[in-house]
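>
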Amino acid sequence: MNFLIDVGVSVDSILLFLGGIALFLYGIDLMSDSLKKAAGSKLKTIIEKTTGTPLKGILVGTLVTALTQSSTGVTVLTIGLVRAGLMTTPQSVGIIMGANIGTTITAFIISLPIEELSMIILFIGVVMLFVKNRKVRNIGGILAGLGMLFFGLETMGNGLKPIASTDFAIDMFQAFSKESFGGIVLGTVFGTIFTAVVQSSSAAIGILQKLYALNDPSNDFYTISLRGALPILLGSNIGTTLSAWVASWGGNTDSKRTAIIHINFNIIGSIIFIIFIGPYDWIVQWIEDKFLTPYSMASIAYAHAVQNVLSTAILYFFIKQQIKLANFMVKAKDERKLPELVFDEKLISESPTMALDVVRKGISCMGEIVKEYYEMVKVYTFENNPKVPEEANMLEIMIDNYDKKLHDYLIKISQTGLSNRDSKRLSRNLDTIKDFERIGDHLTNIVEYFELRYEAKQLLSDAGALDLKALYSVIDSMLSRALECLLTKDKNLANEIIEFEKIVDKMEVDARYRYIDRLKQGEVPFVMSANFTDVLSDIERIADHLMNIALSVIEPLHLPQSVSTGLKKHIEN
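The sequence shown begins at 459 in my numbering and counts up by one.
1. Taking only beta-carbon positions, decide if G605 is within less than 8 angstroms of chain B.
2. Considering only residues of the same chain and omitting the five flanking positions on each side of C923, which have a CB-CB separation below 7 angstroms?
3. Residues in its own chain within less than 7 angstroms of R794 by CB, not counting five upstream and five downstream?
4. Excluding five sequence neighbours on each side, which residues of the same chain lie with their C-beta closer than 7 angstroms to the C-beta of V828?
5. Just curious, the alpha helix (DSSP H) that L853 is in, first and last residue?
6. So, for T874: in the same chain, excluding its five sequence neighbours on each side, which residues have a beta-carbon less than 7 angstroms away from its beta-carbon?
7. Considering just the uninterrupted stretch of the alpha helix (DSSP H) at D674, what are its terminal residues?
8. Do you know how far the Cα of M834 is from the Cα of Y912?
9. Have a look at N722, Q765, M606 and flag the residue whose alpha-carbon is nearest the alpha-carbon of I579.
10. What does the alpha-carbon distance come out to for the pair P675 and F731?
11. Within 10 angstroms of the Cβ of S638, are there 16 or more other Cβ atoms? Answer buried if so, exposed if not.
12. Between the stretch 661 to 670 and the stretch 714 to 728, do at least 3 Cβ pairs fall closer than 8 angstroms?
13. Since I479 and M586 should fall inside the 8 angstroms C-beta cutoff, what is the C-beta to C-beta distance between them, to a whole number of angstroms?
14. Span of the alpha helix (DSSP H) holding I781?
15. Look up F679 in the DSSP assignment and give the residues it is bridged to.
16. In chain order, what residues of the same chain have a beta carbon less than 7 angstroms from the beta carbon of S872, not counting five sequence neighbours either side?
17. Rounded to whole angstroms, what's the CA-CA distance from V767 to L941? Just pull it up for me.
18. Quick check: what's the CA-CA separation for V594 versus I567?
19. Quick one: is F461 buried, meaning 16 or more other Cβ sit within 10 Å of its Cβ, or exposed?
20. Going by CA-CA distance only, name the one from L691, T646, L700, R685 that's closest to V655.
21. Could you check what DSSP says for S1102 in three-state terms: helix, strand or coil?
22. Quick check: what's the CA-CA separation for G645 versus F786?
23. Select from T711, T698, I745 the residue whose C-alpha is nearest the C-alpha of N722.
As structure tokens, then:
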């Protein structure tokens, strides 16, 4: 159907434009995801470990964003690391600045004159997606995304030209192109809102590039001027901060401050260039006249790069002020702060025994995080809370971080000349750290199970809930005693934990048999049966790991007769 609507453009053109945007967005997303998969988990490690100074952070943020083609993804990941306590707010500032520079690469990719090759690139990429080799598939995803990006851009352009020819569009472009303050504000607001809606500054800038390239002086056809495009470009930098703000919701004070720094950085940078819009316009126009063809998509790419690079260069000297402003805007709440682990490398050589004392404090902190995680999971078992899966992910990251840092520090201590007593302490510490880490894994399994149940709107039966409550009550006693005897070395408490573990073993078997009986009688849906028994197994294994912690407190000479002949369990799963 090809009829005209009130503004004078066919529905076909609108659908072509919208379809092109959809292909363009999916192409960017596919390319970004494939780049992340190709890079593996190293990106998070790089971000976490190479941000000692703001300048290093800028370089890392630029590189990682250029590789992943997603400034939003890098910024959200950074906020997640701050939220998990793996990075401080000052460390995050450089990465955020660098992400703004790295994202300019996308606009340059879009401006490449390879639209004619888009279908060939897309075809090659799709073929590679069916290859078994993972690396080849990742490369195929990158090529398929790139091909789809350019095909979507071409499709979008075909629909955009008729739309841009309407009186309504011409009037709007003229309003944006006015050199008055009102025209600048209108363009900035439009760019902000549009980018916030599509949740992609790359998409907004890509459309702007295509719109600018539609200018055709030879046919006396004009869309938007460079002066009109620049405020929209600046607005897109503001609109893209919405994702970062959403990512900080429900987080701690530091993660919210990091999001605020990102928002302030983009807003302040845009305001600077709005104030100096004249010189900004002149610089970009000079680049176009000197190095590019008139109305080139690359002109917008250079405008984007100039703004972000210069904003970063200017605001780099005001990092401390940005942090102070964020602290002022987001007041500190009365949050429970986990003690920061300080690993003194010199202490290892000077006094390995004191270094082991530092590890002991770290293990205690790790245990407190595990306890917090357990309490949250226990409540989530009987009451749905949509925020729990995200919180669980953060706690799991924190536990894994403690595991890695403590383990690495202990390995360094082990390379020194330790006494026999300290060697035993070190070995027990390694075991305890691994036990806490595995408890965290089992808690994550339980969260994932109940997340699926809540999504399927399947609640526990009364009998099933009673069994889990009974098991949790014993785990409560074991966990509190385990944390206490780690600090006090109270062997009586440790022996109580060993006895509790025997009780959990019997309770788990009984609960499993009762569940099978209910299943046979049709009282519960079969679809979730295997998973429920897995939850029972997870709880039983948590008890095993708590018993291992108790056994690490008891020296072999002090073990009761029932366990002195080697009862200690070595849990591998």
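The beta-carbon is built from N, C-alpha and C at its ideal position, and this holds for glycine as well.
This is what the structure gives:
1. In the structure shown, chain B does not exist; there is a single protein chain.
2. In the sequence shown, the residue the question calls residue 923 occupies position 465. Correcting the residue identity first, residue 923 is Ala in this sequence and not Cys. The answer, listed in chain order, is F840.
3. In the sequence shown, counting from the first residue as 1, residue 794 sits at position 336. Per-residue confidence for R794 stands at a pLDDT of 49, beneath the threshold of 50, marking its modelled position as unreliable; the derived number appears in the next sentence. The answer is none, since no qualifying residue turns up.
4. Taking the first residue of the sequence shown as position 1, residue 828 is located at position 370. Cβ neighbours of V828 beyond the five flanking positions: I857, F894, I897, G898.
5. As a working mapping, residue 853 is identified with position 395 in the sequence shown. Counting along the chain, the alpha helix (DSSP H) containing L853 begins and ends at 846 to 872.
6. Along the sequence shown, one-based indexing puts residue 874 at 416. Same-chain partners within the cutoff: I806, S807, P810.
7. The sequence position of residue 674 within the sequence shown is 216, counting from 1. Taken as a continuous stretch (DSSP letters only), D674 belongs to no alpha helix (DSSP H), as it is neither H nor E.
8. Numbered from 1 along the sequence shown, position 454 holds the residue referred to as residue 912. Numbered from 1 along the sequence shown, position 376 holds the residue referred to as residue 834. Going by the C-alpha atoms only, they are around 16 angstroms apart.
9. Along the sequence shown, read from residue 1 onward, the residue named residue 579 stands at position 121. Answer by Cα proximity: M606.
10. One-based indexing of the sequence shown puts residue 675 at position 217. One-based indexing of the sequence shown puts residue 731 at position 273. P675 and F731 have their C-alpha atoms roughly 28 angstroms apart.
11. Stepping through the sequence shown from its first residue, residue 638 is reached at position 180. By the beta-carbon neighbour count (other beta carbons within 10 angstroms, threshold 16), S638 is exposed.
12. With the cut-off at 8 angstroms, the stretch 661 to 670 and the stretch 714 to 728 do not touch.
13. Against the sequence shown, residue 479 aligns to sequence position 21. Against the sequence shown, residue 586 aligns to sequence position 128. In this structure I479 is not in contact with M586, their Cβ atoms being roughly 26 angstroms apart against a cut-off of 8 angstroms.
14. Residue mapping note: residue 781 aligns to position 323 of the sequence shown, counting from 1. In the DSSP assignment, I781 falls within the unbroken alpha helix (DSSP H) covering 777 to 787.
15. Here the question's residue 679 lines up with position 221 in the sequence shown. For F679, the pairing in a beta bridge is given by DSSP as D674.
16. Here residue 872 corresponds to residue number 414 of the sequence shown, with the count starting at 1. Excluding positions up to five away in sequence, the list reads L884.
17. Looking up residue 767 in the sequence shown gives position 309. Looking up residue 941 in the sequence shown gives position 483. Their Cα atoms are separated by approximately 51 angstroms.
18. Numbered from its first residue, the sequence shown carries residue 594 at position 136. Numbered from its first residue, the sequence shown carries residue 567 at position 109. The straight-line gap separating the alpha-carbon atoms of V594 and I567 is approximately 22 angstroms.
19. As a working note, residue 461 is residue 3 in the sequence shown. The pLDDT assigned to F461 is 40, lower than 50, so where the model puts this residue is not dependable; a value taken from the coordinates is nonetheless given after this. Counting every other CB atom within 10 Å of its CB across the protein chains shown gives F461 a total below 16, marking it as exposed.
20. Position 197 of the sequence shown, counting from 1, holds the residue named residue 655. Of the candidates L691, T646, L700, R685, the one whose C-alpha sits nearest the C-alpha of V655 is L700.
21. Not covered by the structure: residue 1102. The range shown for the chain is 459 to 1031.
22. Walking along the sequence shown from the start, residue 645 turns up at place 187. Walking along the sequence shown from the start, residue 786 turns up at place 328. Linking G645 to F786 through their CA atoms gives a straight-line distance of about 30 angstroms.
23. Position 264 of the sequence shown, counted from the first residue, corresponds to residue 722. Minimum Cα distance to N722 is reached at T698.
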